[in-house]
Every structure is written in C-alpha cells, then in structure tokens.
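The structure under discussion appears below in the form of structure tokens.
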Amino acid sequence: MQAVEITPEIVAEHGLTPDEYQIILDRLGRAPNLNELGIFSVMWSEHCSYKSSRRHLGKFLTTGDKVIQGPGENAGVIDIGDGDTIIFKMESHNHPSFIEPYQGAATGVGGIMRDVFTMGARPIALMNALRFGSPDHPKTKSLVDGVVAGIGGYGNCVGVPTVGGETNFHPGYNGNILVNAMCVGHARADKVFYSAAKGVGNPIFYVGSKTGKDGIHGATMASAEFDDQSEEKRPTVQVGDPFKEKLLIEACMELMATDAIIAIQDMGAAGLTSSSVEMADKGGVGIELDLDLVPQREPNMTPYEMMLSESQERMLMVIQPGKEQLAFDVFEKWELDVAKIGVTTDTGRMVLSHKGEIVCDIPVAPLADDAPNYDRPHEPTPKRPQIMTADIAEPSDYNATLLKMVGCPDLASRRWIWEQYDRTVMADTVDNSQSGGDAAIVRIHGTQKAVAITTDVTPRYCYADPYEGGKQCVAETWRNLTCVGADPIAITDCLNFGNPERPDIMGQFVGCIEGMNEACRAFDYPVVSGNVSLYNETNGVAIPPTPAVGGVGLIPDLNYFATLSGAKDGDTLILIGKTDGWLGSSLYLREIENREDGAPPPVDLQVEKQNGDFVRRLIRDRRVNAVHDCSDGGMLIAATEMAMSSRTGLMLTKPEGSCLTNGWYFGEDQARYLLAVDANSVNPILSTAKSMGVPAIEIGTFGGSQLKADNHIDLDLSKIRATYEAWLPTYMES
Amino acid sequence: MKAIIHVGLKPGVLDPQGRAIARSLSDLGYDEVSDARQGKVIELDMSGTDKDAAEARVKEMCEKLLANTVIESYRITIED
Amino acid sequence: MKAIIHVGLKPGVLDPQGRAIARSLSDLGYDEVSDARQGKVIELDMSGTDKDAAEARVKEMCEKLLANTVIESYRITIED
Amino acid sequence: MQTAVIVFPASNCDRDAAMALEKVTGRAPHMVWHRDSELPSDVDFVVIPGGFSYGDYLRSGAMAARSPIVKDLVKRAGQGLPVAGFCNGFQILTETGLLPGALMRNKGLKFVCRPQELKITNGNSRYTSAYGTTQNVVFPVAHHDGNYYADDSTLDSLENEGRIIFKYEGNPNGSARDIAGICNAEGNVFGMMPHPERAIDPQHGGTDGLGLFKSIIESI
Ligand SMILES: Nc1ncnc2c1ncn2[C@@H]1O[C@H](COP(=O)(O)OP(=O)(O)O)[C@@H](O)[C@H]1O
Ligand SMILES: [Mg+2]
C-alpha cells in the first residue's frame with residue numbers, strides 16, 4: 023500500500039482533535055495508516071460516537087415492563103402481548119436533504135427502514151417530522167417539493183405506508199432544514215434479531231447493493247457545521263434504490279424465517295466500518311475481512327473508499343456455519359449481491375486485507391470504548407417572563423382572526439403533502455380517509471390489535487424554555503396517543519440542535535433532555551431508541567432546539583378507538599382540562615401579534631396523566647364519538663378541526679367566569695382534550711369527571727353548517743375549510 | 316431555435332434505472348449488452364437567433380432548474 | 316460499441332413533464348422558451364463490432380422493451 | 002374455485018390481493034413467482050397485484066410484462082382465463098398488450114393517494130355484475146402513473162363496446178375520458194388503477210371493493 027504520511031492537516035481533515043489523535047497513537051503504539059485513521063475518524067465522529075451527547079442520553083428512562091430492547095441496538099423493541107413486538111426508531115437526514123432534497127429524504131427513509139428490518143421486523147408504517155425555513159425564503163419551496171417527493175418516492179415504492187408526521191415553517195430553519203423519518207415494524211417475539219457477532223470462525227456475509235464511492239465522509243459531514251461554502255463543495259450524496267430495498271426486505275425476511283442468521287446489522291452511516299466494528303465490539307470478537315471480495319460498483323476502489331462508503335441498501339450478517347448455501351440461495355433468488363467477505367476471530371482485532379496486503383490491523387475495543395465522551399460546558403437558557411393575557415389586546419374581528427389562524431403555514435392543511443404518500447398500502451391503515459388525526463392507527467396484520475403512532479415537538483416552547491418544552495413534547499405524544507384510545511407504551515426521539523461546543527446550545531440540549539426525561543418517568547413511558555443531530559447551524563445561527571419525539575401506543579381491540587372525526591349533529595362538545603388562557607409563546611401571539619416571546623405554557627405532568635387516563639377510559643367505554651387534543655392554536659383551532667373533519671357545524675358557548683376571550687379561544691394551556699358525546703351522556707360524564715377531580719365543562723353543540731361562537735364568530739364551515747385547504751397548494755404552485 | 320439538453324448522472328453516482336434495464340435486456344437474451352445508463356433529454360423551443368447568447372441562457376436554466384448538479388451533469392446543443 | 320437511444324413521446328401525445336418544464340422556466344423569467352418536451356436517452360455498452368448488426372438488434376430491443384410504441388417513438392445511434 | 006396472484010420483484014400489494022381473494026373464495030390463492038414458466042393448471046382467476054415491479058424503472062410495468070410467467074399468462078388469457086390487474090397490474094396488462102392504451106405520468110406530475118369515487122359505467126360486466134343497482138363506489142387510488150392514454154379511435158371503440166367499466170368522478174390523474182378501468186373485447190381481462198383490494202374491510206373505511214371480487218368469482 024502507498025504509505026501516506028499522517029500529517030496534522032490530515033488528522034484535522036478527518037475531524038479529529040490533536041488530543042483524540044494522541045489517544046489513537048497511544049492505543050496503537052504507532053501511527054495509524056490512512057485506512058486506520060479513516061476508521062477511527064468515522065467511529066469517533068459525533069454521528070457515530072455521540073461524544074457530546076452520550077452522558078446526557080444516559081439520564082433517560084429506558085426500561086419498563088414492556089421494553090424488550092432499549093437504546094443501543096438498531097431500534098427499540100417493545101412487547102405488545104400475544105408474542106408480538108413492535109420495533110421502531112426515528113432518525114435525521116437533515117444535511118443531505120438540504121443539499122439534495124429528493125435523494126436526501128429518500129435515503130433517510132431507506133436508512134430508517136433498514137434499522138427496523140435488520141432486527142427482524144417487517145416495516146408496517148413510516149412517519150416523518152419536517153421543519154422548513156420561512157415560506158418566503160427563496161429555497162423553501164423547492165426544498166418542500168423535493169423532500170416530500172423523496173419521502174413518497176422511496177416509501178411508496180417499497181410499499182410501506184407513510185401514515186403521518188408533522189411539518190412546520192420557521193425562519194430559524196432557513197439554512198438548516200430538518201428531515202426526521204421514523205419507521206415502525208412488527209416482529210414475533212421469538213424472531214427478533216440482534217447485532218452482536220458471536221462465535222469464532224463464523225462466516226461474515228455482505229448482501230444487498232454493490233459498494234460505490236457514495237457519500238464518502240458523509241458521516242463526518244453530518245457532524246460538521248455548515249458554512250456558505252458547503253453548497254459549493256457539493257459533496258456526493260447517496261442515491262437510493264427503493265427497488266433494491268424492497269428486495270432486501272423480502273430476502274432478509276425469508277432468511278430470518280430459518281435459523282441461519284447469528285447476527286445482522288445494516289450498513290448505515292460509515293457503512294462497512296461502523297457495521298463491522300459494532301458487530302465485533304458487541305460480540306466481543308475480532309473480525310477479518312478480505313476487501314477484494316466486497317461487491318464493488320467501480321473498478322479500483324481503495325480500502326479507504328470501501329470502508330467509508332455510504333452506499334445504500336447493504337447489510338452485514340454473521341451466518342451459522344453450514345448455512346452458507348442457504349444464504350446464497352435466498353439472496354440470489356432475490357437477485358441481490360451476496361458475498362462471504364470474512365470471518366469472526368478470537369483476536370479482538372479488526373484485520374482487513376486487500377490485494378494480498380494487510381491494510382488495517384487495529385484492536386476493536388478502543389474504537390468503541392475509547393471514543394471521546396465530552397462533558398461540554400452548558401448554560402441554562404434564561405427564563406422568560408410570563409405574559410399576562412390581559413396585556414394582549416383582543417382582536418377587533420374574531421372571524422378574520424380565526425381564518426388567519428387556520429390558513430397560517432403551521433396550521434393549514436397538509437393534504438398537499440400526505441396525498442403524495444401511499445397511506446393505504448398493506449391494507450392495514452385504519453380509517454384511511456382521515457389524515458388530520460392525532461395519531462395514525464395501523465392494524466397488526468390479521469389481528470384486531472393496532473399500534474397508534476405520532477410525532478410531536480413544539481420548538482417555540484423548547485426555545486423559550488428547554489426544560490418545559492422537553493416535558494411538553496413527550497406529553498404531547500402521550501396525549502395524541504390517548505386521543506385515539508391507545509395505551510402509550512414508549513418513545514423514540516430525534517434530538518436536533520445547533521453546535522454543542524457553544525454553552526448556550528448545550529444548555530438547550532441538556533434542558534430538553536431533562537424535561538423529556540421527567541415526562542417519561544411521570545408517564546412510565548420510556549425511551550427505547552433515538553438519534554441525535556447536532557451542528558444544525560449556519561454562519562453561527564442555530565436552529566431552534568427541536569427534540570422530535572415519536573410515540574407508540576397500543577390499541578388492544580379495534581372495537582374501542584376514537585378519532586377526531588365522528589361528531590354527529592346534536593352531539594355535545596365537552597372540554598377536559600383547565601383553561602387559564604395561556605398566550606405566552608403561543609401560535610396566536612406569533613401569527614396575530616407578531617411576537618415570539620413569553621414563557622411557554624407549563625406542563626403539570628400529574629394533571630396530564632389524570633386527564634389523559636380519564637379520556638382513555640371514556641373511549642374504552644365507548645362513551646365518546648370523537649376526540650381531539652388542544653395543541654397549537656388552542657381550543658378554537660382544535661374545535662374547528664373536529665368540526666371540519668366530522669363535517670358538521672358547531673356552536674360554541676363560552677362558560678361564565680372563564681378567562682379572557684382571546685385566551686379562551688387561542689390559549690395553549692396543556693392537558694386539554696375536546697370530546698364529542700351524545701347529549702344524554704353529558705351529565706354522567708361530567709359527574710364522573712367531578713368525582714375524579716378532572717376539570718370538565720360543556721362548551722358547545724354540533725350541528726348545522728356554520729361555526730359559531732358566542733357573538734364573536736359566525737362563519738360557514740365551507741369557508742373555513744377552503745381557507746384551511748388553500749394555503750399549502752397555493753404556496754407550492756405559485 | 317432549439318436547445319437540446321442531455322442530463323445524465325455523474326460518473327460514480329448509482330444509476331439503479333440503468334442497471335435494471337441492463338438486467339432486463341440480458342434476461343431477454345441480449346447478452347451483448349454489458350451495461351446501460353438512463354438519462355433525460357429536454358428539448359426547448361426558443362425565440363431569438365443568437366446561438367451563443369441562447370447557450371448561455373440555457374446553461375443558466377440547467378444550473379437553476381433542469382439539472383441537479385449535485386448528482387447530474389448536462390450537455391447543451393443549440394440547433395436552428 | 317455504444318448504442319444511444321432517444322425515446323420521446325409521439326407527436327399528439329400530451330407531455331405533462333414537458334409542459335411543467337416550460338411553465339417553470341417561464342416563471343423563472345425565461346420568456347424566450349415557448350415550449351418544452353422531455354424524453355429519455357438510454358445508452359448501452361455493447362460487445363461486437365458490426366454496426367449494422369448492432370443497430371438491428373437494438374431496434375428489436377426497442378420494440379420489445381425500451382420503447383412503448385403506443386405512445387413513444389425512438390431513434391438509434393451507434394457509436395464506436 | 003382456485004385463484005392465483007403473480008408476484009414480481011417489488012410487487013407490494015400481493016398480500017393485500019391475496020387477502021381479498023381468500024375473503025371472497027374462502028381459499029388461499031396460489032402465489033406464483035414471476036420466474037415460473039407456467040401458471041398452475043387448476044387456476045380459475047389470476048390477479049396481477051399493485052406495486053412497483055422492478056422499481057417502475059424505464060416505464061411502469063414494462064419489465065414485468067417481459068417476465069417469464071407473462072408468456073403463459075397471455076396464452077391463458079387468450080383462452081378465456083379471467084385476469085385482473087390493479088394499479089401496477091393494470092400498467093403491466095397494457096404493457097403486455099392484453100389491454101389497449103398506456104398509463105402515463107399523472108397530469109399533476111405528483112403521486113396521488115386518496116379515497117376516490119368511481120362511477121360504474123358498465124354494470125353488466127363480469128367484474129361488476131354483483132353491484133346490482135349501485136352506481137358509485139369508493140376505492141383508494143395510490144399511483145404516480147395512472148393517466149390513461151389511447152388514441153381517439155381506440156377510446157371510441159372502448160366506449161361503444163361497453164368496455165369502459167369504471168370512470169372517475171373527479172379525475173385524479175388526467176386520464177382520457179375519465180377512464181379508471183377497462184376490459185378486453187372478450188370481457189375476461191380487466192385492469193384498473195384504483196385498489197379494490199384496499200376496500201374490503203370496514204376498517205379500510207369501506208367495503209366497496211368486495212363486489213368486484215364477488216362479480217368475477219360468481220361469473221366463473
Ligand atoms: N410531513 C407529514 N407527513 C405526513 N403527515 C403529516 C405531515 N405533516 C403533518 N401531517 C399530518 O397532519 C396532521 C396535523 O399535524 P399536526 O398539526 O402536527 O398535528 P398535531 O397538532 O396533532 O401534532 C397530522 O395528522 C399529521 O400526521
Ligand atoms: Mg394533536
């Protein structure tokens with residue numbers, strides 16, 4: 023091999039600090055060659071080593087009755103009874119999507135699916151959480167267009183329904199959009215696969231697509247702050263092949279049905295390097311690979327390129343000796359590349375050969391164990407003063423205000439997005455005609471059970487107060503699962519932040535995690551998987567802290583669930599939870615008053631739990647016709663969404679003694695739900711609520727074709743709907 | 316005038332479409348085909364008569380809209 | 316040898332992609348563009364040296380697979 | 002009654018089609034691999050399922066239409082075997098020439114997934130007889146290339162011969178004459194872009210798809 027002298031410049035180009043390089047020198051007792059340096063650099067990148075976040079992630083509640091596998095594997099695994107498990111995870115593909123929105127988003131979807139099926143689960147649902155810059159920003163429209171097309175292009179082709187997500191616009195994301203994708207899969211409990219390579223002398227198989235020169239250094243790129251030049255550098259982004267992915271899923275499922283696989287790991291960021299190191303490290307074995315045997319897309323690839331390539335749709339597996347032929351047969355049937363490229367050893371070393379030479383020979387343990395683990399300085403975000411509702415002027419025209427709200431970028435209908443996603447493929451999406459709901463409902467094939475899935479975070483709260491915002495995003499997912507009648511079980515997360523080397527950003531990160539964790543503990547709602555994306559920052563301007571949370575719950579029997587549509591003429595609208603009219607950091611304040619300030623609404627976790635448990639009980643007892651929680655935009659927006667979805671008008675009456683009118687309509691007090699119930703169920707529900715200490719009041723009646731509220735609002739529902747549906751398509755087509 | 320623009324994937328970028336075509340041709344018995352690539356051709360009808368000026372404009376269109384220069388390269392021909 | 320195959324929609328078949336391109340270009344201010352069409356180019360790497368024989372084979376490939384003659388027409392060029 | 006579903010690489014509605022057939026016939030269909038050279042001899046009805054066979058590369062359905070199994074399928078269809086293609090299956094049927102025309106990119110250029118109202122324009126066909134007096138049904142659509150094209154004389158003869166079985170109410174993709182589903186002259190081969198197999202269970206939001214499967218099964 024040509025000897026490249028490792029200079030300090032080369033070390034720096036690999037994103038390693040002099041101190042980190044010194045550790046490598048100490049461990050090896052010599053200078054690394056370029057291949058070895060490349061391997062250390064990707065293993066110790068922020069993306070793979072979580073060096074800034076690891077110690078804080080350790081605070082999360084990660085265990086519980088229903089947790090089969092918490093963080094640390096490719097995805098989390100929970101028990102949903104009857105021998106069924108649900109396997110899920112969320113992941114970011116922010117930087118690639120900014121550079122090449124279609125392929126960036128597509129490969130994000132492909133990558134997260136592999137994390138799930140590598141564990142033995144058939145993917146059954148996809149979700150996505152998207153944040154774009156201001157609609158006025160010149161790049162936003164084409165980014166939305168490309169990202170949405172990419173998500174659909176990949177998921178639709180593979181044939182996994184994309185059932186929900188969230189989309190926000192804010193200038194804070196102008197230079198760094200967020201594309202977080204979540205995948206949920208189903209496996210039988212005795213067919214869950216793990217990544218620890220076991221045994222010595224066992225064959226290592228490479229399957230899937232060939233290795234090309236795609237995205238070399240992609241993992242390091244995802245950890246480096248953007249500057250304006252990065253658009254010029256135009257790093258190679260990976261191109262996805264959903265057709266290959268579909269074949270890979272079917273082939274893996276077929277081989278997994280046998281006992282041929284000892285361990286399996288997808289090749290994600292840092293490809294062959296991280297997959298082989300992780301398998302070896304977890305299994306406490308060594309690994310020997312002959313790189314000449316790696317299926318290659320281009321001639322003359324170097325060991326460095328092969329080890330660092332991020333070509334998509336590839337897997338690594340340790341196969342039971344004697345079952346090699348079976349593995350070849352299955353992958354050849356599905357027309358995939360398959361090769362035996364190495365064996366497990368008892369040396370604890372990673373040894374790579376290429377054209378008859380040893381091109382890497384390093385101990386495996388330090389790659390993982392000695393990865394840097396920083397305690398970065400962090401400063402708490404200063405508390406903001408509370409804004410008094412009385413200090414916010416009332417709008418002179420509530421009709422116009424409501425129309426402005428339902429037509430604003432963050433509340434307007436997402437139909438233009440979700441109609442590009444196949445939501446009904448696999449024929450287990452429940453209630454497929456309705457996509458504005460609180461949580462998606464996907465049946466476990468062949469049963470009457472279903473999983474409920476939601477993604478949520480309110481970055482403006484996290485920015486105002488990371489700790490309260492962290493509590494809120496977990497609470498909102500819990501609430502959204504409750505709204506459909508599910509038992510919330512566990513979450514995954516995708517923590518998107520700026521540069522962790524800045525104490526204020528690190529303060530946001532720590533604050534959000536601590537708030538999230540407190541909510542997880544209060545609800546017994548552990549974190550089972552997740553992902554961290556740092557350095558989302560351009561020219562020193564960071565994104566708002568955005569810890570996206572993906573919640574998963576179980577509907578044990580599909581005879582008992584709810585959605586936000588289903589209110590009938592004559593039904594009564596009941597509001598659960600207390601309303602103080604909290605307008606600080608609300609959407610109303612931003613959209614109507616042009617102010618982004620004030621403390622966000624506090625989250626009382628005990629009250630959340632009590633109110634939510636009460637609502638779920640009512641759904642299980644089939645005493646409600648429709649349910650929706652109050653979130654962005656407050657009660658009036660939630661009530662309007664319910665009326666639109668149920669296709670019936672609504673007359674709202676503000677109870678005597680309630681808070682000021684603008685706060686009543688648009689306040690974002692937490693722990694609140696709206697229920698549509700039969701008129702004759704009202705009294706029994708109110709009295710049960712009273713006996714349990716749950717605040718509940720009657721606030722309206724469904725019927726007609728108008729939305730009316732006291733003497734403030736009188737609008738045709740069709741007009742509201744037209745405004746609500748118009749914004750996004752008009753924007754995209756302008 | 317007419318502008319004819321060929322847009323193809325840059326060398327080294329995965330071309331799943333081309334691969335599938337090559338595979339399918341070989342299944343049909345066309346063994347002489349060893350590889351295939353697929354690209355786009357965009358043909359524009361343009362007013363004006365100055366070819367050089369047109370080419371410069373079309374180049375701009377490619378950079379802005381017609382090609383995704385992160386993964387694609389393009390070639391322009393101007394015809395009368 | 317290389318075979319280069321241009322596949323385009325037949326005249327009279329509405330080309331929604333071409334229309335969209337023309338519209339986007341005019342939105343971007345390229346008023347000189349009056350119309351646009353989008354087609355495919357397929358490039359095949361082929362063994363052999365007899366150009367005429369190759370052309371005949373490629374014609375067969377087009378009829379059998381590469382073009383859908385209900386809506387598309389094609390043009391073949393063989394290069395060394 | 003024995004049915005079959007053909008499985009191509011990246012078919013993705015094969016399981017859904019099988020569920021629908023089993024629900025209506027009480028018997029699991031044969032799942033036939035695209036590389037097989039013959040359909041099982043006992044088959045009475047074949048479904049070509051939706052999906053993205055071969056990634057929809059080149060043209061939707063083009064490569065699947067040249068698969069080994071399709072030769073036998075074309076032969077058997079010519080002998081009168083009922084064959085239905087949904088979504089990608091419809092695209093494959095037009096690519097084989099069993100059905101006329103072609104399915105082009107949606108007029109709006111975007112993939113479109115939504116519950117779609119359809120009008121039954123021929124209630125006497127082998128695929129619609131069980132609908133009785135029902136005139137409109139709702140099936141989901143989910144496709145990128147569903148824009149049906151044929152030249153005017155083909156369209157006229159489809160229309161005159163009663164071979165347009167379903168039309169869209171509110172055209173989602175630009176299809177000529179709002180065509181959603183057509184059959185061949187003999188009436189045994191049928192293709193449509195919407196997905197009847199995703200409308201067979203109340204939890205799908207409706208069961209309008211069942212009538213289509215019942216119709217063809219009863220006709221055999
Ligand atoms: N990117 C997206 N992909 C799919 N569905 C989306 C997306 N963004 C929003 N949605 C859907 O739009 C609806 C409204 O979203 P959102 O306002 O975030 O709901 P909530 O306030 O309940 O969290 C939800 O049903 C959500 O699933
Ligand atoms: Mg909600």
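Residue numbers (the numbering used here), protein chains in the order written: chain A, 23 to 756; chain B, 316 to 395; chain C, 316 to 395; chain D, 2 to 221.
We treat Cβ as the ideally placed atom computed from N, Cα and C, and that holds for glycine.
With DSSP as the reference, label residue i as helix, strand or coil.
i                         : result
leucine 737 of chain A    : strand
aspartate 250 of chain A  : Here the model assigns aspartate 250 of chain A a pLDDT of 49, short of 50, so the residue's position is not dependable and the matter cannot be decided.
tyrosine 695 of chain A   : strand
lysine 215 of chain D     : helix
aspartate 179 of chain D  : helix
arginine 28 of chain D    : coil
asparagine 647 of chain A : coil
aspartate 41 of chain A   : helix
methionine 65 of chain A  : helix
alanine 660 of chain A    : helix
threonine 140 of chain A  : coil
glycine 552 of chain A    : strand
Identify the contact partners of residue i in chain B, using a Cβ-Cβ distance below 7 angstroms as the criterion.
i                        : result
glycine 234 of chain A   : Gly327, Leu329
glutamine 470 of chain A : Residues of chain B passing the Cβ test: none, with the nearest at roughly 39 angstroms.
Check the Cβ of residue i against every Cβ in chain D and list those closer than 7 angstroms, keeping chain order.
i                      : result
valine 385 of chain C  : Gly102, Ala103
leucine 380 of chain C : Ala63, Arg67
Using the beta-carbon count (16 or more within 10 Å), is residue i buried or exposed?
i                         : result
lysine 355 of chain C     : buried
alanine 744 of chain A    : exposed
methionine 410 of chain A : exposed
glutamine 494 of chain A  : buried
valine 26 of chain A      : exposed
methionine 714 of chain A : exposed
serine 418 of chain A     : exposed
leucine 343 of chain C    : exposed
tryptophan 34 of chain D  : exposed
glycine 86 of chain D     : buried
proline 41 of chain D     : exposed
valine 89 of chain A      : buried
lysine 76 of chain D      : exposed
lysine 590 of chain A     : exposed
isoleucine 221 of chain D : exposed
Since residue i meets chain C, which of its residues come closer than 8 angstroms, beta carbon to beta carbon?
i                       : result
lysine 223 of chain D   : Given that chain D is displayed from residue 2 to residue 221, the structure contains no residue 223 of chain D and the question cannot be resolved.
arginine 390 of chain B : None at all; the shortest Cβ gap to chain C is about 10 angstroms.
Quick one: which chain D residues come within Cβ less than 9 angstroms of residue i?
i                      : result
leucine 343 of chain B : Arg67
Out of the options, point me to the one whose CA is closest to residue i's CA.
i                         : options                                : result
alanine 665 of chain A    : A:Ala541, A:Asn633, A:Gly588, A:Tyr228 : A:Gly588
proline 1 of chain D      : A:Gln442, A:Glu188, A:Leu374, A:Cys430 : Any property of residue 1 of chain D remains undetermined from this structure, which presents chain D solely from 2 to 221.
isoleucine 199 of chain A : A:Pro522, A:Asn518, A:Cys652           : A:Asn518
aspartate 717 of chain A  : A:Arg694, A:Asn705, A:Val554, A:Val316 : Residue identity check: residue 717 of chain A is proline in the sequence provided, not aspartate. Of the listed residues, the one whose Cα sits closest to proline 717 of chain A is A:Arg694.
isoleucine 463 of chain A : A:Ile577, A:Ala291, A:Ser608           : A:Ile577
aspartate 381 of chain A  : A:Val428, A:Ala434, A:Gly655, A:Asp314 : What sits at residue 381 of chain A in the sequence shown is valine, not aspartate. The shortest Cα separation from valine 381 of chain A among A:Val428, A:Ala434, A:Gly655, A:Asp314 belongs to A:Asp314.
lysine 362 of chain A     : A:Phe120, A:Asp106, A:Val214, A:Gln342 : A:Gln342
glycine 56 of chain D     : B:Pro331, B:Glu387, B:Val348           : B:Pro331
Could you work out which residues of chain C lie near residue i, taking near to mean beta carbons separated by less than 7 angstroms?
i                      : result
alanine 335 of chain B : Result: empty, since nearest Cβ-Cβ is about 11 angstroms, beyond 7 angstroms.
So residue i contacts chain D; which residues on that side make the cut at Cβ distance below 8 angstroms?
i                        : result
aspartate 444 of chain A : Phe112, Cys114, Ala143
Tell me, to the nearest whole angstrom, how far the beta carbon of residue i is from that of residue j; I am working on the premise that it is less than 8 angstroms.
i                     : j                       : result
valine 185 of chain A : arginine 445 of chain A : 6 angstroms
At a CB-CB cut-off below 7 angstroms, which residues of chain F make contact with residue i?
i                         : result
isoleucine 357 of chain B : Looking at the structure shown, chain F is missing, and the protein chains on hand are A, B, C and D.
Taking C-beta pairs closer than 9 angstroms, name the residues in chain B that residue i reaches, listed in chain order.
i                      : result
leucine 324 of chain C : Per Cβ cutoff of 9 angstroms: no residues; leucine 324 of chain C is ~11 angstroms from chain B at best.
Using a cut-off of 8 angstroms between C-beta atoms, extract the partners of residue i located in chain B.
i                         : result
isoleucine 121 of chain A : Val385
leucine 59 of chain D     : Gln332, Ala335, Ile336, Ser339, Gln353
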